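K.L.:
Just dropping this structure here.
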Amino acid sequence: MPGFELFGDAERKQVNDVLDTGVLMRYGFDGMRNGIFKAKEFEIALAAKFNSKHAHLVSSGTAAITIALASAGVGAGDEVIIPTFTFVASFEAVLALGAVPILTDVDATLTLDPLAVEKAITSRTKAIMPVHMCGSMADLKALKTICKVHNLILLEDACQAIGGSYDGKPLGTYGDLGALSFDYVKTITCGEGGAILTNNSAYIKNADYYSDHGHDHIGNDRGAETHPFLGYNYRISELNAAVGIAQLNRLDEFLAIQKKNYDILRNALNTIAELKFRKVPEGGIENYSFLSFFLPTEKLTVQTHKALVESGVDGCFYWYDNNWHYYKKWEHLTERKSLGKLPQEVLNGLQDSSKTDFTKSDYWVSRNISCLIKLSWTEEQVFERAQKMVECIKNIL
Ligand SMILES: *Cc1c(COP(=O)(O)O)cnc(C)c1O
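According to the numbering used here, the stretch in the sequence shown is residues 359 to 755, in order.
Here it is, written out as structure tokens:
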């Protein structure tokens with residue numbers, strides 16, 4: 359998946375454009391910058407590529423989620439529904455606003471289960487945040503319907519699924535808002551960076567101001583700008599944005615490589631009848647950054663994962679006991695371990711982990727293995743890997 363695997367001359371050329379002027383900041387210094395505005399240029403290209411009215415670049419994917427929520431008015435005590443299988447960034451972004459993350463079951467899509475979402479809605483719910491983990495998406499049509507009925511915001515975390523689509527729309531643009539990450543291990547990277555996508559002009563204006571201290575970006579004297587509301591600094595630097603321009607130009611090339619490698623592995627594993635693949639909702643196209651499959655039982659899955667690791671098939675993950683991605687290992691959240699005191703709204707609103715029941719998530723995630731698809735493999739290596747995987751799995755079953 360990661361764009362860093364193919365970092366090269368195009369990226370260096372973009373960065374050198376910035377180094378030649380020495381203007382590392384995206385705003386101001388018009389006299390010195392020789393017309394070079396890399397962040398602006400990346401935003402325009404991103405909006406065009408994703409067929410989104412607006413795109414706003416920020417310092418990380420986590421920042422993009424925080425700002426997306428803030429721009430839609432999510433604040434203290436508001437509940438945001440997030441999946442049990444995600445990355446810790448999901449609840450960090452919610453907590454940063456004093457809002458309350460509500461963990462909710464996933465299903466065979468490995469993303470939010472619409473039935474569980476409906477049960478999790480309360481009078482305090484403000485947003486639903488499906489996280490398109492490992493390159494594939496939630497049942498977005500069902501989630502959008504729920505949002506319409508309950509007047510909720512649909513925010514797609516498409517950080518891991520850049521380039522996938524649903525119902526003909528790029529992931530991140532189907533809901534009211536989308537968040538992308540360009541950190542070092544994402545499909546395309548700019549070192550550190552992220553973006554908010556939306557068609558809503560009020561949200562993007564809010565995001566634009568909020569991510570730069572609430573400055574109103576009116577006129578061309580930064581020092582004279584006023585502040586319609588409180589903000590923060592989530593700006594991206596020109597150096598990072600420059601790398602992103604080169605990588606976005608290569609997105610289709612990266613996706614094509616991923617699909618080719620994915621297809622070889624999938625066709626090989628298809629010969630094993632006991633193995634089921636992750637459910638992709640109708641109308642969805644993955645970005646092929648991972649191949650995710652289910653084994654018949656938890657025990658067989660643990661054994662298979664161990665066998666894969668031992669036979670040198672790297673990059674296959676058993677998320678069920680992973681520290682970063684599954685609710686079972688998030689003691690810092692469930693035991694509320696914060697440096698300072700958490701807001702009272704958060705303390706009052708967080709779920710009591712002794713009372714939550716995520717049996718449904720456990721059912722799916724405990725039987726899942728997800729294998730990273732790399733860009734740098736030769737075709738020979740992919741076929742060799744496919745054969746090894748089939749041998750390992752057949753030996754266990
Ligand atoms: C990477 C990632 C993020 C956060 O992105 P950063 O740019 O690393 O802050 C958020 N959500 C998911 C699902 C991710 O994989």
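Note that CB positions come from ideal geometry on N, CA and C, so glycine has one too.
Small disclaimer: the values here were computed from a predicted structure and weren't measured.
In the region 458–507, which residue ranges form an unbroken beta strand (DSSP E) of at least 3 residues, counting only runs that do not cross its ends?
P.N.:
Qualifying beta strand (DSSP E) stretches, in chain order: 458–462 and 483–486.
K.L.:
List, from N- to C-terminal side, the alpha helix (DSSP H) runs of 4 residues or more that fit wholly inside the region 646–708.
P.N.:
Complete alpha helix (DSSP H) runs here, min 4: 656–668, 689–692 and 702–707.
K.L.:
So is the beta-carbon of residue 544 under 7 Å away from any non-hydrogen atom of ligand 1?
P.N.:
Numbered from its first residue, the sequence shown carries residue 544 at position 186. It does: the Cβ of residue 544 is within 7 Å (strictly closer) of some heavy atom of ligand 1.
K.L.:
Is the Cβ-Cβ distance between residue 755 and residue 632 less than 8 Å?
P.N.:
Locating residue 755 in the sequence shown gives position 397, where the first residue counts as 1. Locating residue 632 in the sequence shown gives position 274, where the first residue counts as 1. In contact: residue 755 and residue 632 (Cβ atoms closer than 8 Å).
K.L.:
Would residue 370 and residue 381 qualify as a contact pair, given that the criterion is a beta-carbon distance under 8 Å?
P.N.:
As a first step, residue 370 must be located in the sequence shown, where it is residue number 12. As a first step, residue 381 must be located in the sequence shown, where it is residue number 23. Cβ atoms of residue 370 and residue 381: not closer than 8 Å.
K.L.:
Using CA atoms only, rank isn't needed, just tell me which of 711, 374, 746 and 543 is closest to residue 310.
P.N.:
Past the boundaries of the shown model lies residue 310; the chain is included only from 359 to 755, so the question cannot be answered.
K.L.:
Look at the Cβ atom of residue 718, then the Cβ atom of residue 367, and state whether they are nearer than 8 Å.
P.N.:
As a first step, residue 718 must be located in the sequence shown, where it is residue number 360. As a first step, residue 367 must be located in the sequence shown, where it is residue number 9. Not closer than 8 Å, so no.
K.L.:
Please determine whether the Cβ atom of residue 616 lies at a distance below 7 Å from any heavy atom of ligand 1.
P.N.:
If you number the sequence shown from 1, residue 616 lands on position 258. For ligand 1, not one heavy atom lies less than 7 Å from the Cβ of residue 616.
K.L.:
Going along the chain, which residues of its own chain have a beta-carbon closer than 8 Å to the beta-carbon of residue 705, five neighbours each way excluded?
P.N.:
Reading the sequence shown from its first residue, position 347 is the one you call residue 705. Excluding sequence neighbours, residue 705 sits near 694.
K.L.:
The alpha helix (DSSP H) that contains residue 750, what's its start and end?
P.N.:
Counting from 1 along the sequence shown, the entry for residue 750 is found at position 392. That run of the alpha helix (DSSP H) goes 737–754.
K.L.:
Around the C-beta of residue 679, are 16 or more other C-beta atoms found within 10 angstroms, so that it is buried, or is it exposed?
P.N.:
Within the sequence shown, residue 679 is the residue found at index 321, counting from 1. The residue in question, residue 679, is exposed, as its Cβ has fewer than 16 Cβ neighbours within 10 Å.
K.L.:
My assumption, with CB atoms under 8 Å, is that residue 615 sits in contact with residue 733. Please give the rounded CB distance.
P.N.:
Start at 1 with the first residue of the sequence shown, and residue 615 comes out as number 257. Start at 1 with the first residue of the sequence shown, and residue 733 comes out as number 375. Yes, they are in contact, since the Cβ atoms of residue 615 and residue 733 sit about 5 Å apart, within 8 Å.
K.L.:
Run the CB neighbour count on residue 585, radius 10 Å, all protein chains shown included, and call it buried at 16 or more, exposed below.
P.N.:
The count along the sequence shown starts at 1 and reaches residue 585 at position 227. Label assigned to residue 585: exposed.
K.L.:
Using 7 Å as the cut-off, classify the Cβ of residue 447 as near or not near the heavy atoms of ligand 1, replying yes or no.
P.N.:
The residue you call residue 447 lines up with position 89 of the sequence shown. Correct: residue 447 has its Cβ closer than 7 Å to ligand 1.
K.L.:
Less than 7 Å separating the Cβ of residue 520 from some heavy atom of ligand 1?
P.N.:
Locating residue 520 in the sequence shown gives position 162, counting from the first residue. Residue 520: no, Cβ never under 7 Å from ligand 1.
K.L.:
Once you ignore the five residues that flank residue 418 on each side, which residues in its own chain have a CB closer than 7 Å to its CB?
P.N.:
If you number the sequence shown from 1, residue 418 lands on position 60. Only 539, 541, 550, 551 and 552 meet the Cβ criterion.
K.L.:
Would residue 645 and residue 677 qualify as a contact pair, given that the criterion is a beta-carbon distance under 8 Å?
P.N.:
Residue mapping note: residue 645 aligns to position 287 of the sequence shown, counting from 1. Residue mapping note: residue 677 aligns to position 319 of the sequence shown, counting from 1. No.
K.L.:
Would you tell me roughly how many angstroms separate the C-alpha atoms of residue 373 and residue 406, rounded to the nearest one?
P.N.:
Sequence index remark: in the sequence shown, residue 373 carries index 15 (1-based). Sequence index remark: in the sequence shown, residue 406 carries index 48 (1-based). Straight-line Cα distance between these residues: approximately 22 Å.
K.L.:
According to DSSP, is residue 557 helix, strand or coil?
P.N.:
The sequence position of residue 557 within the sequence shown is 199, counting from 1. Note: residue 557 maps to coil in three-state DSSP.
K.L.:
Could you give the DSSP three-state label for residue 413: helix, strand or coil?
P.N.:
Taking the sequence shown and counting its residues from 1, one reaches residue 413 at position 55. Residue 413: strand per DSSP, three-state reduction.
K.L.:
Is the closest heavy atom of ligand 3 to the C-beta of residue 491 under 7 Å?
P.N.:
You won't find ligand 3 in this model; what it holds is ligand 1.
K.L.:
When you compare the CB positions of residue 743 and residue 596, do they come within less than 8 Å of one another, or not?
P.N.:
Against the sequence shown, residue 743 aligns to sequence position 385. Against the sequence shown, residue 596 aligns to sequence position 238. In this structure, residue 596 does not lie closer than 8 Å to residue 743 by Cβ.
K.L.:
Shortest alpha-carbon distance to residue 682 belongs to which of 377, 439 and 443?
P.N.:
Taking the first residue of the sequence shown as position 1, residue 682 is located at position 324. For residue 682, the nearest C-alpha among the options comes from 443.
K.L.:
Hey, how far is the Cα of residue 702 from the Cα of residue 686?
P.N.:
One-based indexing of the sequence shown puts residue 702 at position 344. One-based indexing of the sequence shown puts residue 686 at position 328. Roughly 24 Å separates the two Cα atoms.
K.L.:
Does ligand 1 have a heavy atom nearer than 7 Å to the CB of residue 729?
P.N.:
Counted from its first residue, the sequence shown places residue 729 at position 371. False, no ligand heavy atom lies under 7 Å from that Cβ.
K.L.:
Does the Cβ of residue 424 lie closer than 7 Å to at least one heavy atom of ligand 1?
P.N.:
As a first step, residue 424 is located in the sequence shown; it is residue number 66 there, counting from the start. No, ligand 1 has no heavy atom inside 7 Å of this Cβ.
K.L.:
What are the start and end residues of each continuous beta strand (DSSP E) run of 3 or more residues lying completely inside the region 530–599, in chain order?
P.N.:
Within the region 530–599, the complete beta strand (DSSP E) runs of at least 3 residues are 535–539 and 552–556.
K.L.:
Counting pairs of Cβ atoms below 8 Å between the region 490–501 and the region 392–401, do you hit three or more?
P.N.:
Judged by Cβ distances under 8 Å, the region 490–501 makes no contact with the region 392–401, as fewer than three pairs qualify.
K.L.:
Expressed to the nearest angstrom, what Euclidean distance is found between the alpha-carbon atoms of residue 749 and residue 639?
P.N.:
The residue you call residue 749 lines up with position 391 of the sequence shown. The residue you call residue 639 lines up with position 281 of the sequence shown. Each residue's alpha carbon lies about 29 Å from the other.
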